[in-house]
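Undergrad:
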Amino acid sequence: MREALRGLTTRGRSFLAAGVAALLCAVVLGEKDLMRVAVLLVALPLLAALHVGRARYRLACTRSLDPYRVQAGASARVLLRLQNVSRLPTGTLLLEDRLPYALGSRPRLVLERLGAQQASSVAYTVRAELRGRYDVGPLTLRMTDPFGLCELTRSFPSTDKLTVIPQVSPLQLVRLAGEYSGTGDSRARSVAVHGEDDAATREYRRGDDLRRVHWRSTARVGELMVRREEQPWESRATVLLDTRGSAHRGEGPTASFEWAVSASASIAVHLRQAGYRLRMVTDSGADLDATEATGDGLLLDHLAEVKTSQRGDVSSLVDQVRRRADGGLIIAVLGLLTPGEARLLAALRTSGTTCVALFMDTNTWLNLPAATREAAEREHATAALALLQSGWRVLRVKHGDQLPTLWPQAAKGQQGFAVRAAMAETVGMGGSR
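Numbering (our numbering), first residue to last: 499 to 931.
Following this line, the structure appears as structure tokens:
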């Protein structure tokens, strides 16, 4: 009962105060009619508190998110389902779901009377402009009497996670050479190295089809030999994300780092849809694989929370890639590089490996003085030239550029000649000054 009295609303407290005042006036003035009014005014909030306090409602609540993973800037629907599992009907229920600031203001919903064993659902939408993982909940439920004189609060401690991933842009399907390596199920190839008779056979095992017995090898070796099955090629790609804080400029959703994260997500999803087995590496130590079992979810969930690193460096990124040489295609989304750092990355380019760099001039995300900007452009051109000379394909990115527009350039294997000459001229002009 004490809890119910503490739950009196402003209206209930006003009724109670008015009733006490009327009661005192009735005693002083000797007015019986005023006494009846005073008793009524005092009794109403007390009866409301008694009704709300003794109503032992048992409520069950479930929450579902649709979808539970959404792109930044898109909306998700939150469905709340409440069930009255007691034998008493409820009064009006006021629902308030707690949300972080990034998802907007807290929704306040009204649910009318719930009968015994009855269930009802209410829904609302949330929208996030910033990627991340956000807690939705807990739900606070306020029970009130029909007159709004008393209000009690109940909470459901459960929460759900809404994952806001970076924006993913659809990309044009282009042909990237050098992406096939290892084994998989995309293309068949012959494994013979020294000729069909020597390298395409193995020892017979119980259960092997006798029609696959290779009699010439059997006669030569003296043991029963069978032809090997063809081993297929597999499309493999490694996406490198530069998370160094010193390499990026700007803040908030328009920062260069957000462009890099969105570009990495778009490229990863595009390559996965094209049938690639994907690996993602960052200089902060992350090393993730996207397989048929994990799909895109593992990478996108990581990119939803990735932040700039103050300790990362290019050498650790190169070491991380070399730690497990998968071969195939390498696509790097890079911030600012010094010429020395560019030469470290250039060493990843080996024979048969196609390397593509989305090389961001993150200084264009700032308003710099003309002299400072010119010096920054020369250093950026020098670093890009170091990558080009080692055989990388370099796509220079400036503020305002769109990834779908730049992406087709990744297929231009001979782009380096013209770009190399232009960059060499730029660097030469800077040195002559």
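By construction, the Cβ of each residue, glycine as well, lies at the ideal position given by its N, Cα and C atoms.
1) Give me the Cα-Cα distance between N582 and G613, rounded to the nearest whole angstrom.
2) If you run the structure through DSSP and keep just helix, strand and coil, what is R631?
3) Let me know the secondary structure DSSP gives F645 once reduced to three states.
4) Since A873 is in the alpha helix (DSSP H), which residue starts that stretch and which ends it?
5) Could you please give me the residues that DSSP links to Q569 through a beta bridge?
6) Which whole runs of the alpha helix (DSSP H) in the stretch 520-557 are 4 residues long or more, in chain order?
7) Do three or more CB pairs link the stretch 592-600 to the stretch 621-630 at distances below 8 Å?
8) Pair every Cβ in the stretch 664-671 with every Cβ in the stretch 775-793, then say whether three or more of these pairs are closer than 8 Å.
9) In chain order, what residues of the same chain lie with their CB nearer than 7 Å to the CB of H712, ignoring the 5 residues before and after it?
10) Measuring alpha carbon to alpha carbon, tell me which residue in E839, D787, G826, I828 is nearest V812.
11) Excluding the five sequence neighbours on either side, which residues of its own chain have a C-beta within less than 6 Å of the C-beta of A516, listed in chain order?
12) Give the straight-line distance between the Cα atoms of L886 and M858, rounded to the nearest whole angstrom.
13) Alpha carbon to alpha carbon, how far is V719 from R709? Give it in angstroms, no decimals.
14) In the structure shown, what three-state DSSP assignment does D781 receive?
15) Relative to the alpha-carbon of A735, which residue among G773, Y566, P751, E721 has its alpha-carbon at the smallest distance?
16) Ignore the nearest five residues each way along the sequence and tell me which others in L647's own chain have a CB closer than 7 Å to its CB.
17) Would you mind sorting N865 into buried or exposed? The rule is 16 or more other CB atoms within 10 Å of its CB.
18) In chain order, what residues of the same chain lie with their CB nearer than 7 Å to the CB of T588, ignoring the 5 residues before and after it?
19) In chain order, what are the residue ranges of uninterrupted alpha helix (DSSP H) at least 4 long that sit wholly in the stretch 732-818?
20) By a C-beta neighbour count over all protein chains shown, 10 Å radius and 16 as the cutoff for buried, is D740 buried or exposed?
21) Whose C-alpha, out of S584, G602, T560, R561, is nearest the C-alpha of A572?
22) Spatial neighbours of S764 within its chain, please: CB distance less than 7 Å, with the 5 preceding and 5 following residues excluded, ordered by chain position.
23) Please report the distance separating the alpha-carbon of V518 from that of A558.
24) Exposed or buried, G750, counting other C-beta atoms within 10 Å across all chains shown (16 or more means buried)?
25) Would V767 pass as a contact of L738 if the rule is Cβ separation under 8 Å?
TA: Answer, in terms of the structure:
1) Approximately 7 Å between the Cα atoms of the pair.
2) Under the three-state reduction of DSSP, R631 is assigned to strand.
3) If DSSP states are grouped into helix, strand and coil, F645 belongs with coil.
4) Looking at the DSSP string, the run of the alpha helix (DSSP H) that includes A873 is 868-887.
5) Answer by DSSP bridge pairing, in chain order: I663.
6) Entirely contained in the stretch 520-557, the alpha helix (DSSP H) runs reaching 4 residues are, in chain order, 530-552.
7) These segments touch.
8) Between the stretch 664-671 and the stretch 775-793 there are fewer than three C-beta pairs closer than 8 Å, too few to call the two in contact.
9) Only T699, M723, V724, R725 meet the Cβ criterion.
10) Minimum Cα distance to V812 is reached at E839.
11) L539, listed in sequence order.
12) Those two C-alpha atoms are separated by around 15 Å.
13) Cα-Cα distance, rounded: 18 Å.
14) Looking at D781 - three-state DSSP - the assignment turns out to be coil, as it is neither helix nor strand.
15) Closest in C-alpha terms to A735, from the list G773, Y566, P751, E721, comes G773.
16) The beta carbon of L647 sits closer than 7 Å to those of L506, T507, R509, G510, F513, L542, P543, A546, all from its chain and outside the five residues before and after it, given in chain order.
17) Flag for N865 reads exposed.
18) The residues are Y555, N582, R611, L612, M641.
19) Secondary structure in the stretch 732-818: the alpha helix (DSSP H) runs of 4 residues or longer, each lying completely within the stretch, are 754-771, 795-803 in chain order.
20) It is buried - the Cβ of D740 has at least 16 other Cβ atoms within 10 Å.
21) Taking only the C-alpha atoms, the option nearest A572 is G602.
22) Result list for S764: V666, S667, L669, L901, in chain order.
23) For V518 and A558, the gap between their C-alpha atoms comes out near 39 Å.
24) Answer is exposed; the Cβ neighbour count stays below 16.
25) It is not a contact, given that the beta carbons lie outside the stated cut-off.
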